[in-house]
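Data block below; observations after.
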Amino acid sequence: MITLLTVIRKKPEVSTEDFRHFMKYEYGPTYEALPQTLAYVQYHLTDLASDGAEDPIDAIVQISFESQEAMAEALSTDAYKKAHELREQYMRETSVGIHSARVDETITFV
1 MITLLTVIRK
11 KPEVSTEDFR
21 HFMKYEYGPT
31 YEALPQTLAY
41 VQYHLTDLAS
51 DGAEDPIDAI
61 VQISFESQEA
71 MAEALSTDAY
81 KKAHELREQY
91 MRETSVGIHS
101 ARVDETITFV
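Numbering (the UniProt record's numbering), first residue to last: 1 to 110.
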């Protein structure tokens, strides 16, 4: 299984309310509908550590696929491509606005 965590920063001109509505009702359901998606979780955040050095983090998304191939298949669908175009209205592009990382190991203490 492959799991990604993606840190997301909204565009400054987009309100938190509009961003969260988009994530819940437009963007997230795209992944829910993809048969390759094993899990998809959105964490909507209030960034408490903002010191002005970077824009606050607005959301973290966790998404899992069975394999690298399944992920590539999902990302090549028309549904994903449409969602990718829609997100350009709400999310900052580049690694500053959308930064994904693969989970290599999960260690749970509690």
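All C-beta atoms in this analysis are idealised placements derived from N, C-alpha and C, irrespective of residue type, glycine included.
**Message:** Just to confirm before moving on: does the CB-CB distance between residue 74 and residue 36 stay below 8 Å?
**Reply:** Position 74 of the sequence shown, counting from 1, holds the residue named residue 74. Position 36 of the sequence shown, counting from 1, holds the residue named residue 36. Contact flag set, yes.
**Message:** Just list the residues that DSSP pairs residue 63 with in beta bridges.
**Reply:** For this step, residue 63 is matched to residue 63 along the sequence shown. Answer is 4, 40.
**Message:** Would the region 41-50 count as touching the region 96-110 if we require 3 or more Cβ pairs under 8 Å?
**Reply:** no
**Asked** Would the beta-carbon of residue 11 fall within 8 Å of that of residue 90?
**Response** The residue you call residue 11 lines up with position 11 of the sequence shown. The residue you call residue 90 lines up with position 90 of the sequence shown. Yes, the pair counts as a contact, with Cβ atoms nearer than the cut-off.
**Message:** What does the alpha-carbon distance come out to for the pair residue 42 and residue 51?
**Reply:** The sequence position of residue 42 within the sequence shown is 42, counting from 1. The sequence position of residue 51 within the sequence shown is 51, counting from 1. Near 24 Å, if we compare the C-alpha coordinates of residue 51 and residue 42.
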